[in-house]
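Numbering-wise, my numbering comes out as the position in the sequence shown, counting from 1, plus 20.
Every residue, glycine too, gets a C-beta built ideally from N, C-alpha and C.
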Amino acid sequence: MNLLPEQEYIINYLMKGILNIDVEMSTICLNDRYQFCFGTKILEINNAFFSKWNDEPLDYLHVNNIPKHCFYIVDPFHSQQSLPVLYGDQRMIIEEDYIYCGADIFASSFFMLTRWEELVIDKKDQYGRCDESEMLVVREGIWERPIVNEYIRLLYDFLLHLGVQVSPCSHIFTPYLTHDIDDLFRYASITNLVKNIAGDILHRKSLICLGTTLKSYLLYRCGKIKDPFDTFDWLMDLSDQHGFKNAFYFKAAFKKEYDATYDIRDKKVIDIINNILRRNHEVGFHPSKNTFHNSKQYKEEVKRLKDVFPLIRGGRQHFLLYDIPCTMREWDNNGFEYDAGLGFAFRAGFRCGICYEYPFFDVCKREKLNLKIRPLIVMEAALIRRVSPVDMEECMKRLAEIVHYYNGDYVFLWHNDNFFRPEVRPYSFVYENIVEYLRILVNK
């Protein structure tokens, strides 16, 4: 029985791309199971999901095929931990030369990595994104668990038990400090000042914030301080001190366009970008809201940013506006190496169930893209004003420790303008503490 493209993708990624096993030489796909033969040793994994869709392979893309709940299996090699599984059953047979696993960890991993549930979930939020509360890991309360990494560890332990020589592809714990440049200037004009004053009075309802805004504006106009959103040198100084590099993702909207908060042609903007490049940090792409479901605008903004700096490798959608798989196809078609935006808008954790960069699979075209997904683990805006600064720091450190355990990629987003606004100032110290903590983890 031949593998479907979906099966080939996920088996190749987990077994060959991660565990470095030559699956072409060892895999047999039976109707109800995957069989991996290593001489006289056999590993079998339940093919519970895709065995149903051989005749109509795209029919699985339906909301009814999203599990209502996950079930749990006891990890036979780490008995203190139970693993959440999406497809298959709890049967497990472990003998000296033979293992059978009833959990369909390939279909479960495919579900998480491709995000096909987001394609079929009808409910959208006010911005047109898949409603986060409808995602399975959120409904089941397991968003802080990188379950695909847990499956990889289980596969690794299966192979070791069978005496198979396993030399996994090397991963090292890698922090990625990233910054979406939504707003560049707080005091670019009188209009900006009026908007900030209105926000202090009407939204924040704070005379203290109003006083801080007016004082800050006067100091800025007198040349005593930088614009509060101009945090670039401070961020790069901190990273240089700890041996990290920052990635700054810029919008390329033009003045008066929808969602334009600065103009990429502005000399001040170009000077900031040149300073970032001079200091050997990264400049990336941050498509505006105007690009969502608008391929023409997307291509135009790509061209604009590349006119300023041609060597753009990746970036992240503004407002995390993703329409799976169309948005990823847009990034791929425009030649980007990676996207770093598949994370949560209202919590921190593992939207894709993994903390490794991985190749994306387009479930509609049934093909692997060249684009790599670099999953977003933590965004400060998801936690600010929802939890206390102390709880926010604890959450970020807890997730960093999990990623460190798996030698994964800790993709961390903090907006450049979310340090010195009066309402977020109490959280600002958290960023420095996290950067210092990441350095400690790197040195472990």
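The beta carbon of Asn453 sits closer than 7 Å to those of Glu413, all from its chain and outside the five residues before and after it, given in chain order.
Per DSSP, reduced to three states, the secondary structure at Ser102 is strand. Counting along the chain, the unbroken beta strand (DSSP E) around Asn266 starts and ends at 266-270. Ranking Phe380, Lys271, Ile397, Lys385 by CA distance to the CA of Leu391 puts Phe380 first.
Inside the segment 271-357, DSSP marks whole beta strand (DSSP E) runs of 3 or more residues at positions 302-305, from first to last along the chain.
Counting every other CB atom within 10 Å of its CB across the protein chains shown gives His313 a total below 16, marking it as exposed.
For Phe91, same chain residues with a beta-carbon under 7 Å away, outside a window of 5 residues either side, are Val105, Gln110 in chain order.
With the rule of 3 Cβ pairs closer than 8 Å, the segment 278-287 counts as touching the segment 197-204. Per DSSP, Ala127 is one residue of the alpha helix (DSSP H) stretching across 125-134. Phe366 counts as exposed, since fewer than 16 other C-beta atoms from the protein chains shown sit within 10 angstroms of its C-beta. In this structure the segment 298-309 does not lie against the segment 220-237, because fewer than three pairs of beta carbons, one per stretch, are closer than 8 Å. By the 16-neighbour rule on beta-carbons within 10 angstroms, Asp352 is buried.
With respect to the 8 Å criterion, Arg324 and Ala267 are not classified as neighbours on the basis of their beta carbons. At the C-beta level, Asn74 and Tyr54 stay beyond 8 Å of one another. Cβ neighbours of Glu400 within its own chain (closer than 8 Å, five residues either side excluded): Met412, Leu433, Trp434, His435, Asn438, Tyr447, Val450, Tyr451. Gln27 is positioned such that its CB atom lies closer than 8 Å to that of Phe126.
In chain order, Val328 place their CB closer than 7 Å to the CB of Ile290, counting only its own chain and leaving out the 5 sequence neighbours on each side.
In the DSSP assignment, Ile404 forms a beta bridge with Val407.
With contacts defined as CB atoms closer than 8 Å, Cys375 and Asn169 qualify as a contacting pair.
Of the other Cβ atoms in all chains shown, 16 or more fall within 10 Å of the Cβ of His301; this residue is therefore buried. The DSSP assignment places no complete alpha helix (DSSP H) segment of no fewer than 4 residues inside the segment 356-388.
Out of Trp136, Cys49, Gly231, the CA that lies nearest to the CA of Ile62 is found in Cys49.
Bounds of any alpha helix (DSSP H) do not take in Pro248, whose DSSP letter is neither H nor E. Collapsing the DSSP output to three states places Gly428 in coil. Here the segment 140-153 makes no contact with the segment 112-126; the two share fewer than three CB pairs at distances below 8 Å. Counting the other CB atoms within 10 Å of its CB gives Thr311 a total of 16 or more, which places it among the buried residues.
Straight through space, the alpha carbons of Lys287 and Arg298 are spaced by roughly 16 Å. The beta-bridge partner set that DSSP reports for Tyr196 consists of Val431.
Annotation: the continuous alpha helix (DSSP H) that includes Phe178 extends over 167-181. Nearest Cα to Thr347 within the set Gly369, Asn84, Arg333, Leu389: Leu389.
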